[in-house]
Amino acid sequence: MSPDKMDIDDGMSTGKYTFGFGPFENDPDLEPKVAEAVALVESSGVQSAIEKLLALERLNRNAGAAPETAAICVNLIRVLHQQKDWKAIGEYAVLISKRRAQLKAAVLKTVQEIMSYLDETPDEETKLSLLETLRDVTAGKIFVELERARLTRILAKIKEEKGDIDTAAAIMQEMQVETFGGMERLEKFEFILEQVRLCLDKNDFIRGAIIAKKIMPRQLNKEELVEVKLRYYALMIRIHTHNSDYLHICRAYLERYDTTRTSEGKDWMRELKLASLLVILSPKDSMQTDLLHRIQGFKTMEELPTYAELLKLFSTDELIRWPILMEQYKEELSAVASLAKEDINDGDLKWAAALQERVTEHNLRVMAKYYSRIRLQRLAELLDLTEENTERKLAAMVSDKKALWAKIDRPAKIVSFARPKDADGLLNGWAENVSSLLDIVEKTCHLVHRETMVHSIGKGKVTGN
């Protein structure tokens with residue numbers, strides 16, 4: 008809605024008016040009075056017109072006539088705008104806002120009118136001066152908090168274009184838009200995402216992560232917020248990449264996959280490929296296992312057979328040979344990892360080193376499942392590592408990650424994966440094994456006896472005939 012057609016209702020008056028000229032409830036004769044004051048620009052000069060308008064403003068302000076006062080203030084600013092007196096526009100904006108018992112509507116509409124002129128300023132210095140003036144006018148006033156937020160964003164953009172990222176980020180962080188009741192949800196989300204982006208651009212990832220928590224992911228599950236959701240998760244990917252948190256990067260790409268899959272014109276394959284790679288790069292735990300099987304269950308994985316095979320390797324209890332894996336998948340994985348650079352800017356997934364570590368951990372878990380004791384030399388051979396690296400990786404799995412139990416007899420160079428049992432444990436295990444064996448024998452005898460009886464009955468019938 009243009010300024011010439013906006014309605015004001017600040018609680019003091021319920022009357023509607025048209026900006027510029029039109030019927031006014033509190034002062035029906037205001038139109039000719041304002042027209043007469045504006046006409047003084049041609050006959051007596053700008054100063055005479057302004058003095059006349061200020062006198063009218065004072066009368067209506069003291070009478071509590073909000074629409075009339077706002078209309079007069081806007082016309083005063085328009086007179087100065089016609090003269091291209093940018094300095095005076097800023098000065099009178101301050102003057103209007105500081106007048107005794109000034110009405111909210113007058114300040115609000117004055118600020119909005121001047122904001123519409125920002126793109127017309129002759130140079131950047133004038134624009135910055137006017138921006139700072141308007142920010143001073145709107146400081147501490149709740150009824151113009153929305154306008155102050157928009158002015159702040161414009162100022163931050165100018166600072167960023169000049170290369171002053173730190174100042175731009177500091178300016179944006181002044182605004183706590185999550186508490187603004189008058190701001191639309193879409194604009195609020197975009198403002199917060201801009202705050203996060205600037206924090207990340209200045210490498211303040213901790214503050215960026217804190218600000219990002221102001222947006223609840225479930226709030227973005229609306230059709231009109233698709234682009235905002237994609238931007239949000241792109242920023243979260245940057246944060247998690249900085250922390251090398253592959254599991255959360257994977258979850259972010261899965262959210263982007265779910266969004267792009269249901270949106271027309273979106274490349275969901277890219278998101279699913281990256282999610283598949285990142286779930287493999289994530290350290291194994293219950294959440295990683297759940298995500299791995301969840302991705303495997305997607306019907307869309309049928310269109311990505313290479314990644315389906317890769318996921319199957321890590322979900323099967325079989326050894327993965329690192330040289331063979333790289334020979335088969337290196338080119339494809341390098342290509343898909345390069346796609347992530349669009350989201351993480353100068354960051355790097357460091358996928359090769361992480362993948363080799365996950366392969367080693369997977370192989371150690373498989374070895375612990377199938378071997379009770381094995382020579383260190385043979386273990387290193389199966390892991391495609393040196394004995395020294397094998398010992399170090401095994402120690403990390405046992406002591407740091409608590410992923411398995413193992414002991415190394417270093418003089419004999421034997422690795423034991425079988426956890427020692429006390430006498431009670433051995434006896435209980437032996438009893439369970441014997442019980443299981445007897446159950447199998449009993450079941451087998453029953454099946455043999457049943458087959459014998461069936462065979463005897465059939466033979467008797469044949470003999471009788």
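Residue numbers for the sequence shown follow the numbering used here, so the first one is 8 and each next one is one higher.
Yeah, the Cβ is synthetic: ideal placement off N, Cα and C, and Gly gets one too.
Values in this document were obtained by computation on a predicted structure and should not be read as measured data.
4 or more residues per run - each alpha helix (DSSP H) lying fully within the segment 264-321: 275-288, 293-303
Distance between beta carbons of methionine 223 and leucine 205, contact taken as under 8 Å: Going by Cβ atoms, the distance from leucine 205 to methionine 223 rounds to 21 Å, so no, they are not a contact pair.
Residue nearest to arginine 263 in terms of C-alpha spacing, selected from Asp350, Arg426, Lys134, Glu181: Asp350
For lysine 400, three-class secondary structure by DSSP: Judged by DSSP in its simplified three-state form, lysine 400 adopts helix.
Alpha-carbon to alpha-carbon, valine 343 and histidine 453: 58 Å
Below-7 Å beta-carbon distance, alanine 425 vs any chain C residue: No chain C is part of this structure, which consists of one protein chain only.
Bridge partner(s) assigned by DSSP for serine 423: Arg380, Lys414
Rounded C-alpha distance that separates glutamate 167 from arginine 214: Per the coordinates, the alpha-carbon of glutamate 167 lies some 18 Å from the alpha-carbon of arginine 214.
Chain-order list of residues whose beta-carbon lies under 6 Å from that of phenylalanine 28 (same chain, five-residue window excluded): The predicted model places phenylalanine 28 with a pLDDT of 43, which falls under 50 and marks its position as unreliable, so this point remains unresolved.
Alpha-carbon to alpha-carbon, leucine 434 and serine 463: 43 Å
Whole-Å CB distance - aspartate 208 paired with isoleucine 172, under 8 Å assumed: 5 Å
Aspartate 211 versus leucine 242: straight-line alpha-carbon distance, rounded: A straight line joining the alpha-carbon of aspartate 211 with that of leucine 242 spans about 13 Å.
Exposed unless 16 or more other CB atoms sit within 10 angstroms - verdict on lysine 400: buried
Whether glutamate 278 touches tyrosine 253 by CB criterion (7 Å): no
Three-way DSSP call (helix, strand, coil) for phenylalanine 187 in this model: coil
As assigned by DSSP and simplified to three states, the class of threonine 145: helix
Contact set for lysine 236: own chain, Cβ-Cβ below 7 Å, skip 5 residues either direction: Answer for lysine 236: Leu227, Thr266, listed in chain order.
Contacts around methionine 8, its chain only, beta-carbon distance under 7 Å, and the 5 residues preceding and following it disregarded: Confidence at methionine 8 is low in this model, with a pLDDT of 33, below 50, so its placement is unreliable and the value that follows should be read with caution. Spatial neighbours of methionine 8 in its own chain (CB-CB distance under 7 Å, excluding positions within 5 residues in sequence) are not present.
Range of the contiguous alpha helix (DSSP H) that encloses isoleucine 327: Per DSSP, isoleucine 327 belongs to no alpha helix (DSSP H) and is neither H nor E.
Reference threonine 159; option with closest CA among Lys169, Gly170, Leu135, Phe150: Leu135
Backbone secondary structure at glycine 436 - three-state DSSP: The answer is helix: DSSP assigns glycine 436 an H, G or I state.
Minimum C-alpha distance to alanine 403 - residue among Ile103, Glu139, Glu368: Glu368
Span separating the alpha-carbon of arginine 380 from that of threonine 296: 27 Å
Reduced DSSP secondary structure (H/G/I, E/B, other) of isoleucine 15: Only weak support is given to the placement of isoleucine 15: the predicted model assigns it a pLDDT of 36, under 50, and the question is left unresolved by the model.
Given alanine 282 as reference, the closest of Thr145, Met308, Glu181, Asp130 once Cα atoms are compared: Met308
Spatially closest choice to phenylalanine 2 from Glu338, Val45, His300, by CA coordinates: The question about residue 2 has no answer, for the chain in this structure spans 8 to 472.
Identity of the residue in Ile217, Lys221, Gln119 nearest histidine 247 by Cα: Ile217
Beta-carbon proximity of threonine 140 to cysteine 80, cut-off 7 Å: no
Counted within 10 angstroms of its Cβ, other Cβ atoms place valine 448 as buried (16 or more) or exposed: Counting the other CB atoms within 10 Å of its CB gives valine 448 a total below 16, which places it among the exposed residues.
Cβ-based neighbour list, leucine 411, same chain, cut-off 8 Å, excluding 5 preceding and 5 following: Leu371, Arg372, Ala375, Met404, Val405, Phe424
Under 7 Å between C-beta atoms of alanine 413 and valine 422: yes
Distance, arginine 365 Cα to arginine 417 Cα: 25 Å
Alpha helix (DSSP H) runs wholly inside the segment 66-140, at least 4 long, in chain order: 73-89, 93-105, 111-122
Anticipated Cβ contact below 8 Å, methionine 75 with methionine 122, distance rounded: Reading off the sequence, residue 75 comes out as glutamate, not methionine. With 8 Å as the limit, glutamate 75 and methionine 122 do not qualify as a contact, their Cβ atoms being about 22 Å apart.
C-beta atoms of leucine 318 and glutamine 303 nearer than 7 Å: yes
As assigned by DSSP and simplified to three states, the class of aspartate 350: The DSSP-derived three-state label of aspartate 350 is helix.
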